[in-house]
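Asks: First residue of the sequence shown? That's 140 in this note's numbering, and the numbers climb one at a time after it.
All C-beta atoms, glycine included, are put in the ideal place defined by N, C-alpha and C.
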Amino acid sequence: MAERIRVMLTEEEVDTRIKQIGEQISRDYEGRQVHLVCVLKGGSFFMCELAKRITVPVSLDFMSVSSYGSDTKSSGVVKIVKDLDEPLKDKDVIVVEDIVDSGRTLSYLLELLGQRGPKSMRLCTLLDKPERRVVDVKVDYTGFAIPDEFVVGYGLDYDQRYRNLPYIGVVEL
């Protein structure tokens, strides 16, 4: 492996921020149940940690979409690899994503899920790259806004590597 990984956000910083987001979601959904929809594979690490920190009842489902392949830039072509197991009708849904980049994938996904009749739908992301946005996507809960660098760790990968890093790192090729 020729690339190096530089630490951008430590494990402690990520953990603290996820706790804060969980507390905010718990306040926002007090007295209700929230249905978390994880965008696989990258979002799984974040969603598991987030769900543990939400104090209202939580249900989970998973969806897999792809727009990267083995490159470091989004291809813009969205492919549904795995659809949801449960209907969204009348549920308070939070789509949980690892990173919002161009917004193409999320825009497509949110439109698709919105057609399934949720009572409400919000977007939660661990990382946001607002300067890369080409499609406007409203992010309701953001862990960190980061610069335009290719990041790995905490579920994010580079060609299926580095997901298990306990921090957010920058790939330096």
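Checking 8 Å against the spacing of the C-beta atoms, do S246 and V276 come in under that value?
Replies: As a position in the sequence shown, residue 246 is number 107, starting the count at 1. As a position in the sequence shown, residue 276 is number 137, starting the count at 1. Cβ distance < 8 Å, so S246 and V276 count as in contact.
Asks: Do K268 and D237 have their C-beta atoms closer together than 8 Å?
Replies: Start at 1 with the first residue of the sequence shown, and residue 268 comes out as number 129. Start at 1 with the first residue of the sequence shown, and residue 237 comes out as number 98. Cβ distance not < 8 Å, so K268 and D237 don't count as in contact.
Asks: Taking DSSP's pairing of strands, which residues face K180 in a bridge?
Replies: Start at 1 with the first residue of the sequence shown, and residue 180 comes out as number 41. Beta-bridge pairing links K180 to no other residue.
Asks: Which first and last residues belong to the alpha helix (DSSP H) in which R166 is found?
Replies: By one-based count along the sequence shown, residue 166 stands at place 27. First-last of the alpha helix (DSSP H) with R166: E150 to D167.
Asks: Evaluate the contact criterion for the segment 292–299 versus the segment 167–187: three or more CB pairs, one atom per stretch, below 8 Å.
Replies: These segments touch.
Asks: Which two residues bound the contiguous beta strand (DSSP E) that contains R332?
Replies: No answer is possible for residue 332: the residues shown for the chain start at 140 and end at 312.
Asks: Rounded to whole angstroms, what's the CA-CA distance from D229 to F289? Just pull it up for me.
Replies: Translated into positions along the sequence shown, residue 229 becomes position 90. Translated into positions along the sequence shown, residue 289 becomes position 150. Roughly 37 Å between the two C-alpha positions.
Asks: Taking 6 Å as the limit between beta carbons, can you name the residues of its chain near V235, skipping five residues before and five after?
Replies: Counting from one through the sequence shown, the residue named residue 235 turns up at place 96. Contacts found: L175, C177, G182, M186 and C263.
Asks: Does F289 come out as helix, strand or coil in the three-state DSSP assignment?
Replies: The residue labelled residue 289 in the question sits at position 150 within the sequence shown. Here F289 sits in coil by DSSP.
Asks: Quick one: Cα of G308 to Cα of V217, how far?
Replies: By 1-based counting over the sequence shown, the position of residue 308 is 169. By 1-based counting over the sequence shown, the position of residue 217 is 78. Approximately 25 Å between the Cα atoms of the pair.
Asks: Can you find the residues in the same chain that come closer than 7 Å, C-beta to C-beta, to D222, ignoring five residues on each side of it along the sequence?
Replies: By one-based count along the sequence shown, residue 222 stands at place 83. Closer than 7 Å at Cβ, skipping near neighbours: M202.
Asks: For E150, which residues from the same chain have a beta carbon less than 6 Å from its beta carbon, with the 5 sequence-adjacent residues on both sides left out?
Replies: On the sequence shown, position 11 is the one that residue 150 refers to. Here the set comprises P305 and Y306.
Asks: Could you please give me the residues that DSSP links to Y297 through a beta bridge?
Replies: Within the sequence shown, numbered from 1, the residue matching residue 297 stands at position 158. Looking at the DSSP assignment, Y297 forms a beta bridge with R300.
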